Structures are given as structure tokens and as C-alpha cells.
Amino acid sequence: MEMARHSKNRKSVVSEARLQHSLQDSFWDALLILGLDETGCLGSLMICLGFGICFGMQLLFCWVVYASFLDADPKYDLEYLKEWRVMYGHSVLYYDGASGASLVSKVCEGTSFDQDWWNNNLLGEIGDYLQPLFGPAFPNVGVGVVLSSLAISVWLCHVAAELQDVGRLGVALYRLPRGETLVARTREGERTFQSISGLRLAVQSLALLCRVAVAVLLGMSGALWLCKTRDTTEIFLNAVALDFVLEVDNVLFRVLAPRRMLLQMQSIQPLDLGTRKMWHGVDAQSVLKLVALVVTVCLFVSTTLQSNADEARQARDMLCGGNRDFVYGTHPTLGPMFVMETTNFSMSTSSSIMPGMQPLVTEVIFSFQKDQVAHEMWRSSIDGVGDVAVKRARDLQDLQAWLSQSDTEAPEETGMGSRSYGTHCQDRGADFWEADWLWPTVRALTNQSVTDCEKARPFCDRRDLPLIRMLCPESCGCMSPTSGLYADNGCRQQCQGEDFFQSQLNASECEDLQVSDARREAWKRWWSGFYDYNVFWWGTANPMMVFADEGAEGNCSFVSSAIWIAEHVCRHDERRPASMFCPVTCGCTGPSSSDLWCPRAC
Numbered sequence: 114m115e116m117a118r119h120s121k122n123r124k125s126v127v128s129e130a131r132l133q134h135s136l137q138d139s140f141w142d143a144l145l146i147l148g149l150d151e152t153g154c155l156g157s158l159m160i161c162l163g164f165g166i167c168f169g170m171q172l173l174f175c176w177v178v179y180a181s182f183l184d185a186d187p188k189y190d191l192e193y194l195k196e197w198r199v200m201y202g203h204s205v206l207y208y209d210g211a212s213g214a215s216l217v218s219k220v221c222e223g224t225s226f227d228q229d230w231w232n233n234n235l236l237g238e239i240g241d242y243l244q245p246l247f248g249p250a251f252p253n254v255g256v257g258v259v260l261s262s263l264a265i266s267v268w269l270c271h272v273a274a275e276l277q278d279v280g281r282l283g284v285a286l287y288r289l290p291r292g293e294t295l296v297a298r299t300r301e302g303e304r305t306f307q308s309i310s311g312l313r314l315a316v317q318s319l320a321l322l323c324r325v326a327v328a329v330l331l332g333m334s335g336a337l338w339l340c341k342t343r344d345t346t347e348i349f350l351n352a353v354a355l356d357f358v359l360e361v362d363n364v365l366f367r368v369l370a371p372r373r374m375l376l377q378m379q380s381i382q383p384l385d386l387g388t389r390k391m392w393h394g395v396d397a398q399s400v401l402k403l404v405a406l407v408v409t410v411c412l413f414v415s416t417t418l419q420s421n422a423d424e425a426r427q428a429r430d431m432l433c434g435g436n437r438d439f440v441y442g443t444h445p446t447l448g449p450m451f452v453m454e455t456t457n458f459s460m461s462t463s464s465s466i467m468p469g470m471q472p473l474v475t476e477v478i479f480s481f482q483k484d485q486v487a488h489e490m491w492r493s494s495i496d497g498v499g500d501v502a503v504k505r506a507r508d509l510q511d512l513q514a515w516l517s518q519s520d521t522e523a524p525e526e527t528g529m530g531s532r533s534y535g536t537h538c539q540d541r542g543a544d545f546w547e548a549d550w551l552w553p554t555v556r557a558l559t560n561q562s563v564t565d566c567e568k569a570r571p572f573c574d575r576r577d578l579p580l581i582r583m584l585c586p587e588s589c590g591c592m593s594p595t596s597g598l599y600a601d602n603g604c605r606q607q608c609q610g611e612d613f614f615q616s617q618l619n620a621s622e623c624e625d626l627q628v629s630d631a632r633r634e635a636w637k638r639w640w641s642g643f644y645d646y647n648v649f650w651w652g653t654a655n656p657m658m659v660f661a662d663e664g665a666e667g668n669c670s671f672v673s674s675a676i677w678i679a680e681h682v683c684r685h686d687e688r689r690p691a692s693m694f695c696p697v698t699c700g701c702t703g704p705s706s707s708d709l710w711c712p713r714a715c
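For the sequence shown, this note's numbering begins at 114 and goes up steadily by one.
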């Protein structure tokens, strides 16, 4: 009973299946009927011609792939990318003045509109290829690697199917009895190979070897081509093209073979392959083919595809890695090198447009009309902005002259016909010619919080807003030498000859600041302005910055504590000196003192 159960179980697990192979509609399989009476001499000639065309086309494709498509992509030449970054990417000659960024920052951070065609082609291709398919958790599993792996797997399945057909046909032919080639009619429209001659078997064997060689070459070249392809859209197209090349034999046969030959091929009954043992419905060959497919794909991925992805990463790092935000220059005759930090490229910021101005500039750009210009001023009303005016330059030279004026030169222009902003030594409201030109600018620069000089007071000490001091010299303290104003850019220097300014000089005592001095608040304001003005250049550990940051609680003894401190705070350029608070320490009592920033009493 136990043996019977074992036999029964074994029977349910292991079974046998008889297999057959049907001829395909292809010139490769049509070689089997070459020279038969029913084929005819012209039919045999057509088979030979079709076989030669198919064989030649597939070999030619293999050669084209090996000769042209498997070379290294010149876009990924690391040495060239390195030279480009040195010669162009960080060179001051290619500095982007509009954005304040280096060329390499513009290329790597910008869109296709900001890049040269090859930059856009390369970075776009790399970005799509290396884009993580499963997010940050698997950063090295990119879209390109996965797509290529899938395409290679499908392509190798097509090649395996071709090799399987070759193997099945070979086994079926070798199982036929030897002798004269005999094709018997079993019934109407059906033919069966009864035997095969040695010559026909030899010719067919040679053809099968050629077919195997072509399939292997196509498989290798096609898989390598897919591995080398980094354009994600091209991966799909190349995979389809490969399948087309593999199927060219079938397509040509259906197009070129005579109708009689097609019917003759279809009438031949399947060839016997014998029996094959199955275990749970699976035979050993299926398992071996699966293992071979997985191993082959893994070999291509590990040896070629992964290195292709590594080359893409190296190219991206060479072009866009490291610090991109600086430019350099070398002296053309002496040789020393200079570097300058730049901003990170962004379309929302511009080195030529002050922060806050871009929305206003955008509105003007899309609203400007030539016929609205009158008396060298374009005026309009813009929703959300109000009345706006923009000065029209006569020509490029005039525009460049306006733009080249410094914030210390512009306030001095007051004459009719000059490049004047219409500012003088008094606060300006909304009732002068240039008001609609300047006040909308101030509102844009201060986030719409300043509409008049009273509201402008909190912004008077900002170094980057000289226009406010131009419009509001009285409110900001430009008209008083003792106001404590530190930033002097934007203040009209000619106003220092006005009676009010001079009376302040005459009324000031020639004494250094004391503990309970009336000038204490102005002193603190001066040092607060000093801190904000110099925070970009001086480190926070600098003694002057520390003194200012702690509220300037000391007096002029701090100024005299070091010669370099006195030389810095007592000097007048675009900043007002501390000589009105420390006239003695600053040397106002000496023979070389300047009467401009020293009390008259000195």
C-alpha cells in the first residue's frame, strides 16, 4: 500500500509532455524547403536571396552598433568638463551681471532658457537618468538604471526566444530519420517531413549556427547599447528598434515570399521534439532559462550599466559639484589671482535690481507704451501700485550715464536739464515733478511701508537706502551735523553750506562726549549706524563692532584707545565722522583740522 501511495504521489508530481515545433514564417526556416520540387527553382532562389538580405542586414546592424553607438559620449568627458569649469564656469569674463551669479551657477541652477544647448542637453539628460525612482531612501536607484534594466530584460527575453526557436528546430531536425528528403502528404493541405538527407541537414545546421551567431551578436550589442543609453526617452525607442531588427526576417518573409511559399510553409505539420519530464508542471529547461536570464541581466547591470550611472554622477559633480558661487580673475601681465564671491543664481533675484524692486519692474515692463511718454517721463496708473512714472533716457549713452551715477553723485545734481532726481535740502512730498518716479520706488524698497518722510524715519540709517535720505534730508538728519546719522550716501553735500547746518556747527562745543551729555542719544544712533553699515566688512569680534553692539555705553576714551580706531571713526567719506562727538580726540583742536566737521568753537 505504501509503494502504491508513493507511486501515486510520484505520478501526480512528475509527468511527461510530448513537445512539437512549428516552422516560423521566416527565411531562416524556409531554408528547410530549399530545393524541393514544390518550391521550384525560382522559389529556391527567392529563399536564398531573402536569407542573404536578412543575414546581411542583421550583421550590418551589429557592426553599426559596435562601431558607432558604443563609443564614450563626448558630453561626459570629465577632462573637458573640468577645463570648461576653469576656463568659463568661474571666469570673471563670463560673470552674469544681471543675476550676480557665476556662469557655472547659472548653468547648474537655471532652466533650459539660462543654459547653452549642450549644458541643457547634458544636465537635463543626467537629471532624468539619475532621478531617484523611490525617493531619498534609495538615492542610487535612478530612473535611468531601472528603465535600462527593464529594457535589457525584455530584450534578452526576445533573444532567448530566438535561440529557443533555433534549438527546437535543431533538435527536431536531428530526430528525423536519415535518407532521402521525403515530405509526405498526410491529407489535403497538410505535409509532414518523413526523413531528411545528410546534405540538407548539414546545410540547415550551418544556417542554424549562423542564426545563433547573429542572435548572440544582436543580444550582446543591443544590451550594451541599452546600457550606454542615458537619455531616458531614447531607452524605450532603442529597445523597440532592437526588436524590429530581430524581427526583420519575419517581416521580409511576409512581404517578399510568394503566396505559394507562404501556404507551403503553413502546410508543414509541427516537427516532433520527443517527450520532456515535468515536475509540478515545470521542466528543468524553464528553470535553467530563468536562472540564465537573471544572471545575464545582473552581469550587464553590474559591469556596464552601473558604471554608466557612475560616469553620469561624475560628470554632474565635475560640472556642478562643490562651491559654484564665486568667480576668479588673473592679472593679465603680473599673474596674481583674485576671487570674488557671487550669489547663487535665481530668477527671482538680480544684482542689478535692488531687493523689492522686481515686482514694480515687472509691472512697468508689461505696461510701458511709447505713446504715454511726455516730457521725458512715462506716466501711468497701475493696479495695486497707483500712479507711477519712469524717466525715459534719450539714448543708450544717456541711460548708461544715469545708471553710472553713484549714490553720492546723484544728490548733487539739481540744475535744470541735468541728471537731477529733483531732490534738494528739504523733505519732499508728493507735489514735485519726480514724485511719481521716486516715491513708488521707495514704497517698493520698503515693502509698501513708506509713503512720506514721517514714515521714512525708521529707514534713514540704512546704508542700502540712500534714496530715502535724498527725499527726506531733514527727517533723516542730513541737515544736522549732530543728528547722529552715520551713512552719508544720499545726503546732498551742498546742503552743508545751508544756514541751519552751519548754525549747528557754531552752536556745538569743542568738548569730547561726557557721561551725562545731551549728545548721548545721537552718539548711540551713530554707533548703531556704524554697526549696520560695516557688518558686511568687519567681523563681529572686532572691538569697534563689539562696542557698537553693546550700545556704545562708553565715551571718547574708546576712540582714543587705539590709533587705528581714531583714524577710522574720525574720517569722513561716505560715512559721517564722530568728530562732532569727540572733537578733541579726533584732532579738531590741531592745526590740520577740517572746519567742516569740527565745531566752530575749536
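For glycine and all other residues, C-beta sits at the position ideal for the given N, C-alpha and C.
Keep in mind that this is a model prediction, so the values were computed, not measured.
Return the Cβ separation of L216 and Y207 in integer angstroms, given the expectation that the two are a contact with Cβ distance under 8 Å.
4 Å
Let's see if you can read the secondary structure: which residues bound the beta strand (DSSP E) around Y441?
439 to 443
Hey, could you find the ends of the beta strand (DSSP E) I495 is sitting in?
490 to 495
Bridge partners of K504, per DSSP?
M490
Mind checking who R570 pairs with in its DSSP beta bridge?
Looking at the DSSP assignment, R570 forms no beta bridge with any residue, so it has no partner.
Which term fits F357, buried or exposed, when burial requires 16 or more other beta carbons within 10 angstroms of its beta carbon?
exposed
Rounded separation between P472 and A548 - CA only:
19 Å
With 16 as the cutoff for other CB atoms within 10 Å, does S461 come out buried or exposed?
exposed
6 Å Cβ shell around T698 - same chain, five flanking residues per side excluded:
D625, C669, V672, S673
Segment limits, alpha helix (DSSP H) that includes S517
509 to 517
Could you check which residue in C683, E522, D241 has the C-alpha nearest to that of I348?
D241
Backbone CA spacing between S713 and T455 [nearest angstrom]
The question names Ser, but residue 713 is Arg in the sequence shown. Distance between the alpha carbons of R713 and T455 is about 46 Å.
Touch test, the stretch 620 to 640 against the stretch 533 to 543, Cβ-Cβ under 8 Å, three pairs minimum:
no
Beta-carbon proximity of F272 to A328, cut-off 8 Å
What sits at residue 272 in the sequence shown is Val, not Phe. Yes.
Give me the Cα-Cα distance between T294 and V126, rounded to the nearest whole angstrom.
40 Å
What did DSSP end up calling H134 once you bin it into helix, strand or coil?
strand
Buried or exposed: G720, going by 16 or more other Cβ atoms within 10 Å of its Cβ?
Beyond the ends of the chain as shown, which are 114 and 715, falls residue 720; an answer cannot be given.
Pop quiz: D574 and S641 are said to be a contact at Cβ under 8 Å. What is the actual Cβ separation, rounded to whole angstroms?
7 Å
Whole angstroms are fine: how far does the CA of L246 sit from the CA of L144?
48 Å
Tell me which residue opens and which closes the beta strand (DSSP E) that V452 is part of.
450 to 454
In angstroms, rounded to a whole number, what distance separates the CA positions of D703 and G667?
Here the sequence assigns Gly to residue 703, which means Asp is not the residue at that position. Rounded to whole angstroms, G703 to G667 spans 24 Å at the Cα level.
Determine, for Q561, whether the minimum Cβ-Cβ distance to residues of chain B falls below 8 Å.
This model lacks chain B altogether; it includes just one protein chain.
Separation of L339 from Q377, as counted between CA atoms
39 Å
Kindly indicate the opening and closing residues of the beta strand (DSSP E) around F306.
303 to 308
Pairwise C-alpha distance: Q398 and A767
Only positions 114 to 715 of the chain appear in this structure, which leaves residue 767 out of reach.
contact_flag[the stretch 428 to 447, the stretch 198 to 207] where n(CB pairs < 8 Å) is 3 or more
yes
Distance check for R343 and A250, CA to CA, integer angstroms please.
22 Å
Do R281 and H134 come within 8 Å of each other at the CB atom, strictly closer than that value?
yes
Measuring straight from C-alpha to C-alpha, what distance separates L314 and L289?
10 Å
By Cβ distance below 8 Å, which residues in the same chain neighbour V254 in space, the five residues on each side in sequence not counted?
P245, L246, F247
Per the contact definition of three or more C-beta pairs closer than 8 Å, is the stretch 362 to 379 in contact with the stretch 161 to 168?
yes
Who are P245's beta bridge partners in DSSP?
G255
Suppose you measure from the CA of V477 to the CA of D484; what does that come to, to the nearest Å?
14 Å
To the nearest angstrom, report how far apart V801 and G292 are at their CA atoms.
Nothing in the structure corresponds to residue 801, since the chain is present only between 114 and 715.
With a Cβ-Cβ cutoff of 8 Å, do M693 and T554 count as a contact?
no
Residues in the same chain with beta-carbon distance under 8 Å from P252, minus the five sequence neighbours each way, listed in chain order, please.
P245
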